[in-house]
Structure formats: C-alpha cells, structure tokens
Amino acid sequence: MKRWQPVSVLSDIRRGEVAGVRIDGREVVLWREDTPTPALHAWEDRCPHRGMRLSFGFVRDDALGCLYHGWQFGGGARCRLIPAHPQVRVPASIHVHAYSVREHAGLAWVSMDGAEDFPVGGTGPDNVQPVRTLHVNASVGALRHVTGIAPDAGIAWHGPVGLAVHEPVAGQGMLHVVRVADAEEVPLPALSRWAERLRDAVESGAVTDRIMNELAMGELA
Amino acid sequence: MSAGVVLYDWTPDVRCYAVRLGLSLMNMTYETRAADMDLPMGQRPAGLRPGERPPVLVAGSVRLSRPGAIMQFVARQPAVARAWLDPAHEWMILDWLDFGATALDTMAAARDIAFGTTLPVLPPMGALVAALRRMEDHMTARAMEGHDWFASPAPSIADVVLFVVFALTVDLGVERDTCPALRRWARRMRGLPGFMVMPGVPDYA
C-alpha cells in the first residue's frame, strides 16, 4: 500500500537546514535548499560513496554536501561535484535514492514507496502553522488511538489543533502538533506544554481522556 | 591576565572537552599539559597531584577541577565578555550550568562503561535520556519565546556544558531526531567564533 507519512513539523526544517529522521526504521535525510525558493528534499540518509549519513552534511545553495569527502548532490539527487576530482564529469549512476516529499498542514510528508497522489485523504483547515514534534516512548498504535487518528487518516483535528504521528522505529512514536495559524485562543506555549503532558501520560500508561478533553473544551491547563 | 593559566587535559574526556571548548569560545589563552589517564601513575604529568583527574585548571593559587567552577572562573576574568555569565541572567545560567555539569558526570560514567570494554556495551541511559528530554522541552519553550540560547539572550557558559552533553550522547545511541529543538540550537553553537571539535563531534552536523 502506498502511503504518505508525516515525519516532521516544517519549523524544524527551515531554509538551509538538514535533519535526519527515521521512518519505519529507515534513515532519511530531510534538507531544504538555501535559495530564494527553497525546495524540500527527502533522501536515503546515506552517501553512495562511503555510506556516511548525509544528515551530518551541509547545505550549500541548492545542493547537499557530504561531511566525509564533500561530494555534492543537487536537487535531482545526482552527484554533481567530487571535490577531490573537480574536473571529472560525474556519471549519472552516482546518485542518492530520493523519496517523494510534500509540504502540507505545517508538516513534511514523505512516501517511502513512491506515492505521487496527495493529499492524504480528507481536507483540513487552510493556513496551518507548525508547533512542535515530540518523541514518545510508546507504540504508534497507542498514540493513534489516544489522539483519535483514524486508520486511513494522516492527521486528527481537534478544533484548531492538528495531531499526527509516525513511527521512527518499532515501539516508538513521533507526535507532530500543528495549529490553525490565527487560533490565538490556543497559545503555542500552552499547547506545547499540553503535548508534553500527553506524552508523559501515554508513556506512563496513565489515563489520557482528561488531557484530550482539554483540547475539546479549548481549555489547556 | 591569562599568563600562567595551565590546563591539565585528557583529550577523550568529556569534561575536558567542555573546558577546552569554553576556554576557546571565551578566547582565553592557556598552556596545556596533556595527561593520559590510561597510562600508569609514573607517566602522568608531574604537576598533576595523586588522585586528581583532568580537567584541572591552575591559575596562580587557584586550582580547580570541576567543569562548572572552571567555567565560572574563566567567565569572571576581566578580559572575558560579560555575556558568558550575564549578570542580568546569572541565576538561570548557574542553574543550567549545574544541570549540565551533573549530566556531564553521568555521561562520563556511561562512556566509561560503553567504551572501557573489549566489546562495547550500551550503558543504562535512563538518566541521560531524561536530562535530554528536559533540555529539549526547555529549548522548545525558549524558541517560542524568541530565544536562541538556554538561559540568556546570548550564548552563556551553560550552553557550552549542555552542548557537550547533547553532542556526545550520539555516541551512546541517542538518535538526533528525538531532539529537534536541541539539534537546531547545537547548529548555532557550531557557528560561534572559537568553536572547536573533538573525536565524536565533527565539524558540521
């Protein structure tokens, strides 16, 4: 089944930044170009030269450079410069595996199996801003249940607050929190602290109904 | 004013790295006496006293061995920029400095377990993971308030010690994607003038 997974809030991957994320146990590098219209890329987190994690690398304009030997990969995931051999025309076979990536609802969405259709079922509000991503030491199944994400949905809306999850490795979850941009009645710091309490409750096996009810009531403690 | 400052330094030790990094960022000149604590007593520098373990900073009659105390001593030198121990935010800086120094001790012990064996083993990580989570939640809240650093508007000695905790837990199996706010803050640390690396803390990332 081809599917899209939310893997990061967009505020964690701004212009010129590079970040490693794990998706279903696979290592993926997210990076954004340092250009006036900076595109977002999601690639296998592995340099084809020596296997170094590209997420340790650095963004130079519209390319990602490997920390090890500076091999540079352009937006098409093809190697275009080997600094030790600057005159060499790099063969097209030297490239990184690229995944489909989209930006939607304040989140970066990645498809590991080449899905091209988007969005991920259902429509949400427009003008959504990212809040934060939290690591939760609990299964994604438990997180989806608690946050009310339907089996075929990518995101659950509770009033102006959107919750999404993905699985970095089996048994662990990442919780992504977004909010309608002009929903000032839910202040971002309070929403962030609310998410911490939800995380702590899920991890300790405590009852989460009361915490989720705060969202429904629009009254974050 | 820095004449006569001597640091007894053991390169792979995390507390020594925190001190080297702090001295470099605060632009303090000093002499290094390299010590290898894996060697027998007789092969260590003569000035290191029995039972002492690097880092040891000696400046005149002052002799310090705790990273937090060394950071404060350096930050209070007249030639060092006040921002490193900003008087307006001193208590918060000292609180996070103490938090970081304690986490550094925990990490040093964990690394001894992990690397001091023929076959590397993963030490119990609960205390360090809990410390990183508190740091992550704090820096998330700071970012929402428009702040870039742990305790004050500019980088402080607390950031120095906490950076070492974050940067080297990757050696102990803590994945970076669990701490996005710390990753962004660490990148800023790397961009500071005088930033220096150690084994396990590469130039970029």
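Residue numbers (full-length UniProt numbering), protein chains in the order written: chain A, 1 to 221; chain B, 1 to 205. Don't be surprised by glycine CBs; every beta carbon is placed ideally from N, CA and C.
{"Asked": "Report yes if the CB atom of A:Asp-12 is closer than 8 Å to the CB atom of B:Pro-180, and no otherwise.", "Found": "yes"}
{"Asked": "Consider the C-beta atom of A:Arg-50 and the heavy atoms of the ligand NAP; say whether any pair is separated by less than 7 Å.", "Found": "Looking at this structure, you won't find the ligand NAP or any other ligand, since it has none at all."}
{"Asked": "Should B:Ala-34 and B:Asp-13 be called a contact, given that it needs their Cβ atoms to be closer than 8 Å?", "Found": "no"}
{"Asked": "So A:His-176 is in the beta strand (DSSP E); what residue range does that whole segment cover?", "Found": "173 to 180"}
{"Asked": "Do you know offhand how far B:Asp-171's Cα is from B:Val-165's?", "Found": "11 Å"}
{"Asked": "Buried or exposed for A:Asp-113, going by 16 or more other Cβ atoms inside 10 Å?", "Found": "exposed"}
{"Asked": "Quick check: what's the CA-CA separation for B:Gly-60 versus B:Ala-108?", "Found": "28 Å"}
{"Asked": "In the DSSP assignment, the alpha helix (DSSP H) including B:His-138 goes from what residue to what residue?", "Found": "126 to 144"}
{"Asked": "Closest by CA to B:Met-135, which one among A:Leu-30, A:Ser-55, A:Glu-196 and A:His-166?", "Found": "A:Glu-196"}
{"Asked": "Could you spell out the range, first to last residue, of the alpha helix (DSSP H) harbouring B:Phe-115?", "Found": "90 to 115"}
{"Asked": "Hey, how far is the Cα of A:Ala-183 from the Cα of A:Leu-175?", "Found": "20 Å"}
{"Asked": "How long is the line joining the alpha carbons of B:Arg-66 and B:Val-56, rounded to whole angstroms?", "Found": "8 Å"}
{"Asked": "Just the Cα atoms here: how many angstroms apart are B:Val-129 and B:Arg-76?", "Found": "32 Å"}
{"Asked": "Compute the beta-carbon to beta-carbon distance between A:Ala-77 and A:Trp-43, rounded to the nearest angstrom, for a pair I have assumed lies under 8 Å.", "Found": "6 Å"}
{"Asked": "Can you tell me where the alpha helix (DSSP H) with A:Gly-74 in it begins and where it stops?", "Found": "Taken as a continuous stretch (DSSP letters only), A:Gly-74 belongs to no alpha helix (DSSP H), being part of the beta strand (DSSP E) at 72 to 74."}
{"Asked": "What do you reckon, are the CB atoms on A:Val-177 and A:Arg-144 nearer than 8 Å?", "Found": "no"}
{"Asked": "Give the residues from the segment 186 to 198 of chain A that approach chain B closer than 7 Å (Cβ to any Cβ), ordered along the chain.", "Found": "Leu-188, Pro-189, Ser-192 and Glu-196"}
{"Asked": "Write down the C-beta distance between A:Pro-86 and A:Gly-70 rounded to the nearest angstrom, noting that I regard them as a contact closer than 8 Å.", "Found": "With 8 Å as the limit, A:Pro-86 and A:Gly-70 do not qualify as a contact, their Cβ atoms being about 10 Å apart."}
{"Asked": "To the nearest angstrom, report how far apart A:Arg-193 and B:Val-62 are at their CA atoms.", "Found": "44 Å"}
{"Asked": "One question on the structure: do A:Trp-109 and A:Pro-189 come within less than 8 Å of each other, judged by their Cβ atoms?", "Found": "no"}
{"Asked": "What are the residues in the segment 140 to 159 of chain B lying within 8 Å of chain A by C-beta distance?", "Found": "Thr-140, Ala-141, Met-144 and Glu-145"}
{"Asked": "Under 8 Å, with one C-beta from each stretch per pair, do the segment 141 to 158 of chain B and the segment 83 to 97 of chain B reach the 3-pair mark?", "Found": "yes"}
{"Asked": "On the DSSP letters alone, give me the boundaries of the beta strand (DSSP E) that A:Asp-200 sits inside.", "Found": "First-last for A:Asp-200: 188 to 204, but that is the alpha helix (DSSP H), not the beta strand (DSSP E)."}
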